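The letter at position 149 of the sequence shown is residue 149 when you use full-length UniProt numbering, and the numbering goes up by one with no holes.
Ideal Cβ positions, reconstructed from N, Cα and C, are used throughout, including at glycine.
Predicted, not measured: the structure shown is a model, and the values here were computed from it.
Worksheet: one structure, shown below.
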Amino acid sequence: MSPSPATASLLPTAVGPHFTLASSARLLGTTQVGPGAIISRGAVVRSVGGSVTLGAFSALREDAVVVGTPERPTSIGEKTVLGPRSLVMGARVGSLCDIGDGAVLMPGVTLGDRCLVGEGTVLPPGMTVPDQSVVLGRPGQVLRMLSAEDLAHLQQRRGGDLSLPLAPLTSFSARDRAEDAPMGQLYAFRDRHPFVHPTATLFSSAEVSGDVVIGAGAIIGAGVKITGDLNGPVRIGARVQILENTVLHLQPDTMLVLEEGVVVGPGCVLHACNLGAGTVVEPGAILCEGSHLGKGCHVAAGSLVKARAVFPDYALVEGFPATQVGTRTSPPEPPRWVLRPEDLPGLRRMG
């Protein structure tokens, strides 16, 4: 079967055993992959304990992130396309689905076959979506069932063929492909150099530049970009996690501070902001310049924290734009999608 119009533009620069894998993409852990699948530039799959499956002729487009854990595995059916910067976290996605750019599927989501998920849609934890649904919104809601026009569009994007090959999967391990650097890529900017604590972990495709300090035990995930180049520092405390394809950067004469124990989920964008100790930022959130969150806050997936917004300790923050929707009585528990130190050896080549 030749590549469909949906995937022909995604042909990357490196080829796996029976599927196509871009040189800048990352498969972390052992993933079950069907023939003809395409993993495009900058996409990341984190499969702890072999917990991610990607069906035949499906495609992860640029900077998409898929995460699975033994407690919350992820499966993606055949001929499904995940749009650029879409995020799938411990969810089941059916076959012949189109997931829009920047959409977020949270743990426990079940998405049926032949579904359309709109751009920027956030499906909350545990949501079940029936077959042939059109889903939009933050949080996502079933808008309607697929029309004849929608089905024709799905068929056209798949070269006129909506049949499913039901092809067997092949196991592919991160150890089958050498990492290109043992500890990320560090760049000086003028006279400013990053400092990384010896006990911190940077995945090979992480990039850090300028006046950046990364504390003890921190984990900087695959595809993360941290920029401290504009006359202001970035300070990342002990045991902070910044996960796949998140971007941190500054405006001139500002600073960005993540205090100890902060967790930032995949696909986030953090401008110059300050996050208190133990705060959790769920996948796909955007925090704008000058925003300040106290300790133990929880920012919901896909939220937009406006410039100079201030939230107190233990605030529950949600929305687009975000508001305080409640107050916690204790710090948030580590989400299921965090990186556990004991999982690291199975996800990357160490040293």
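Cα-Cα separation, residue i to residue j
i: L339; j: A148; result: 43 Å
i: P198; j: I220; result: 13 Å
i: G346; j: L169; result: 20 Å
i: C273; j: D253; result: 12 Å
i: A178; j: A238; result: Annotation note: pLDDT 44 at A178 (below 50); position unreliable, no value reported.
i: M145; j: S171; result: 35 Å
i: P130; j: M255; result: 45 Å
i: Q324; j: A309; result: 10 Å
i: L202; j: V234; result: 16 Å
i: G160; j: D113; result: 17 Å
i: D229; j: D191; result: 10 Å
i: G215; j: H292; result: 20 Å
i: I99; j: G210; result: 35 Å
i: P312; j: A152; result: 50 Å
i: S40; j: R26; result: 9 Å
i: V117; j: H193; result: 42 Å
i: V280; j: A301; result: 10 Å
i: C115; j: D150; result: 10 Å
i: E259; j: R157; result: 45 Å
i: G326; j: G126; result: 21 Å
i: A307; j: V135; result: 29 Å
i: Q32; j: G232; result: 43 Å
CB of residue i within 8 Å of CB of residue j, strictly
i: P341; j: H298; result: no
i: S133; j: V142; result: yes
i: L87; j: L105; result: yes
i: V48; j: G68; result: yes
i: E62; j: R336; result: no
i: L28; j: V44; result: yes
Close beta carbons around residue i, own chain, < 8 Å, minus the five adjacent residues each side
i: E78; result: G34, G55, A56, F57, S58, S95, L96, L164, P165, L166, A167
i: T7; result: At T7, the pLDDT of 41 sits below 50, so the modelled position is not reliable; the number obtained from the coordinates is stated separately. Counting only Cβ-Cβ distances below 8 Å, and skipping sequence neighbours, we find I38, F57, A59, V81.
i: S330; result: G296, Y314
Nearest candidate by alpha-carbon position, reference residue i, set the options
i: E282; options: G228, P107, Q32; result: P107
i: I236; options: Q251, L275, T246; result: L275
i: T246; options: H271, E260, D253; result: H271
i: E207; options: Q132, A103, V224; result: V224
i: G290; options: R41, R239, Q251; result: Q251
i: G294; options: L287, A301, A300, G278; result: G278
i: C268; options: I242, H292, V257; result: I242
i: E244; options: S40, R46, Q32; result: R46
Same chain only: Cβ atoms within 7 Å of residue i, ignoring 5 sequence neighbours per side
i: P334; result: V263
i: S303; result: A285, V317, E318, G319, F320, A322
i: R328; result: G296, H298, Y314, L316
i: H249; result: T227, H271
i: L162; result: L96, L154, Q155
i: G36; result: M1, F19, A56, F57
i: P124; result: M106, P139
i: G137; result: T121
CB-CB length for residue i against residue j, believed under 8 Å
i: S205; j: A222; result: 5 Å
i: G102; j: G120; result: 5 Å
i: G50; j: S24; result: So it is not a contact: roughly 23 Å between Cβ atoms.
i: P266; j: V109; result: Not a contact, Cβ separation roughly 15 Å.
i: V52; j: P84; result: The Cβ separation is near 19 Å, so there is no contact.
Close-in-space but distant-in-sequence residues of the same chain around residue i (CB under 6 Å, 5 per side omitted)
i: S173; result: T30
i: A218; result: A200, I236, V240
i: F195; result: V213
i: L287; result: L270, C273, V305
i: Q185; result: E207
i: D343; result: V48
i: V257; result: R235, N274
i: T128; result: T110
i: G261; result: R239, A277, G278
i: S75; result: T53, R92
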